[in-house]
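Under our numbering, think of the first position of the sequence shown as 1, with each following residue one higher. C-beta: ideal position from N, C-alpha, C; glycine also.
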Amino acid sequence: MRKVLALHYSIFLVGYSIFATNVASAQTHNQYEISFENAVHHEAEISVTFPNVENKVLEVRMSRTSPGRYALHEFAKNVYNVSAVDGSGNELEITRPNPHQWNVSGHDGTVKFSYTLYANRGGGTYTGIDETHAHMNMPATFAWARNYEYRPIEITFNKRDDLNWEIATQLKHVEGNTYYAEDLQYFLDSPTEIADMHFREEKVDGQNIRMALHTPASDKEVDEYFGKVMAIVKAQRDIYSELPKFDYDEYTFLTCYMPNASGDGMEHRNSTYVVSSKPLDRPLGETSIGTISHEFFHAWNVERIRPASLEPFDFEEANMSGELWFAEGFTSYYTGLTLARADIRTDKQYVEGLDGGLNYVINSPGRNYFNPIEMSY
């Protein structure tokens, strides 16, 4: 009997130990902080604190790819002034095994990793920082550590109040300037615009559709533009018969139309970055409205109707998929069709707009050598 009780007690202790370890792990957050005091020179100061580090050597990396950008980009090239301290503030040894990684050793279980980021290309792939905005694609901005990708993340944006900056992102708001992501995958898929912006929002089927617009424009212009955005949202809702179920019941259009930005569009799970280098004196009009249509269609097609080859997304290597012909091709087909159904384009304008796409494909010599699957790579 005593042996049986002892066995049961041992099993209880092992089970409790595993439970306690899992609870402690679930409660451990990696803490990020970013500041923009030297934005005039396109710099940000960034730190990330990794608590409860179990590995003797912490492998800190910058990403080499980005969601929606499947080719390689060496984001580490814009990182310098790297340092690391332990929980007591003691400086730690850093070695560089390759161009995109820093190995930190000699820690006491806590590592605070700090660096300066140079950022002067605000688009869908890179990051742009100046005194008009902090335009952040997360893989191009934030370092992370191998073996700790599963941890929740909290980030504090020390925005420039003297520049009337506000924060727009799909990250979950915690309080003040602090936001939350459930893990690294969601964090790196959550672009963020911090600027003096126009905000508009509307409920559709119980979910909030929000636009954060960074551009000089009158309230009337912004209202008219948002009306077109919402017409696109509803037309595409009708194509699929429903909107996706957005995390936190919200989808955000991050729109940045400034001469210091690069034209681009990039889809994300609960948001999109739509970027144009629109001159300051040009009316808002229908700037990038086609890109709005294209990127929102991706909320279903590629974000939720998703090639298995893209899961989980690899931030260290190129992401190869033979299904991008469907993800991008069908999205491009519905881009213009949505504008016609939303009465933003006439039927005649829609048909005339097909010329460019047809000519591009028919006159491209590559189609004689590669099929759609091969072209997807």
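As assigned by DSSP and simplified to three states, the class of residue i
i, result
"Met-138", "helix"
"Gly-15", "With a pLDDT of 47 at Gly-15, under the threshold of 50, the modelled position of this residue cannot be trusted; read the value that follows with caution. Reduced to three states, the DSSP call for Gly-15 is helix."
"Asp-238", "helix"
"Trp-325", "helix"
"Lys-348", "helix"
"Ser-83", "strand"
"Pro-365", "helix"
"Asp-183", "coil"
"Val-233", "helix"
"Tyr-148", "coil"
"Tyr-257", "strand"
"Gly-265", "strand"
"Glu-221", "helix"
"Arg-306", "coil"
"Tyr-251", "strand"
"Leu-117", "strand"
"Val-40", "helix"
"Ala-26", "Note on Ala-26: pLDDT 46, under 50, position unreliable in the model; the coordinate value appears next. Here Ala-26 sits in helix by DSSP."
"Ala-340", "helix"
"Ala-143", "coil"
"Phe-226", "helix"
Whether residue i touches residue j by CB criterion (8 Å)
i, j, result
"Val-48", "Gln-31", "yes"
"Leu-284", "Ser-271", "no"
"Phe-297", "Thr-331", "yes"
"Leu-280", "Pro-365", "no"
"Ala-143", "Tyr-126", "no"
"Met-138", "Pro-191", "yes"
"Ile-167", "Lys-159", "yes"
"Gly-68", "Ala-261", "no"
"Gly-124", "Met-320", "no"
"Ala-119", "Asn-78", "yes"
"Ile-46", "Leu-117", "yes"
"Pro-307", "Glu-323", "yes"
"Thr-141", "Glu-33", "no"
"Arg-61", "His-100", "yes"
Start-to-end residues for the beta strand (DSSP E) that takes in residue i
i, result
"Ile-209", "207-214"
"Glu-131", "No beta strand (DSSP E) contains Glu-131, which DSSP labels as neither H nor E."
"His-173", "172-175"
"Pro-97", "93-98"
"Ala-393", "What is shown of the chain runs 1 to 377, which leaves residue 393 out entirely."
"Ser-105", "101-105"
Outcome for residue i when other beta-carbon atoms lying within 10 angstroms are tallied against a minimum of 16
i, result
"Gln-349", "exposed"
"Tyr-148", "buried"
"Phe-370", "exposed"
"Phe-113", "buried"
"Arg-367", "exposed"
"Asp-164", "It is Asn, not Asp, that sits at residue 164 in the sequence shown. Result: exposed."
"Val-111", "buried"
"Tyr-377", "exposed"
"Gly-356", "exposed"
"Thr-335", "buried"
"Glu-43", "buried"
"Tyr-360", "exposed"
"Lys-391", "Nothing about residue 391 can be reported from this structure: the residues present for the chain run from 1 to 377 only."
"Asn-98", "exposed"
"Lys-399", "Any answer about residue 399 is impossible in this case: the structure gives the chain only from 1 up to 377."
"His-173", "exposed"
"Val-351", "exposed"
"Gly-109", "exposed"
"Gly-176", "exposed"
"Asn-22", "At Asn-22 the pLDDT is 42, less than 50, meaning the model places this residue with poor confidence and gives no usable figure here."
"Leu-310", "buried"
"Leu-358", "exposed"
Sequence-distant residues of its chain with Cβ nearer than 6 Å to residue i (five each side left out)
i, result
"Tyr-150", "Asp-183"
"Ser-276", "Tyr-257, Gly-263, Thr-287 and Ser-288"
"Asp-247", "Asn-270"
"Lys-56", "none"
"Arg-345", "Leu-339"
"Ile-94", "Ala-84, Trp-102 and Val-104"
"Met-375", "none"
"Gly-87", "Asp-108 and Thr-110"
"Ile-373", "Gly-322"
Spatial neighbours of residue i in its chain, beta-carbon cut-off 7 Å, leaving aside the 5 residues before and after
i, result
"Ile-292", "Val-229, Ile-232, Phe-253 and Val-274"
"Ser-25", "Confidence in Ser-25 is poor, its pLDDT being 45 and thus under 50, which makes the residue's placement too unreliable to answer from."
"Leu-213", "Met-197, His-198, Val-222 and Thr-255"
"Gln-236", "Phe-296, Phe-297 and Thr-338"
Close beta carbons around residue i, own chain, < 8 Å, minus the five adjacent residues each side
i, result
"Leu-72", "Arg-64, Thr-65, Glu-317 and Ala-318"
"Glu-91", "Ser-83, Ala-84 and Val-85"
"His-294", "Gly-265, Thr-331, Ser-332 and Thr-335"
"His-268", "Pro-67, Gly-68, Gln-170, Asp-189, Ser-190, Pro-191 and Glu-303"
"Val-40", "Asp-130 and Glu-131"
Run of the alpha helix (DSSP H) containing residue i, from where it starts to where it stops
i, result
"Thr-156", "Segment 153-158 is the beta strand (DSSP E) holding Thr-156; no alpha helix (DSSP H) there."
"Phe-296", "289-297"
"Met-375", "372-376"
Residue-level contact to chain C via CB, residue i, 8 Å cutoff
i, result
"Gly-356", "As a matter of chain content, chain C is missing from the structure shown, which is built from one protein chain."
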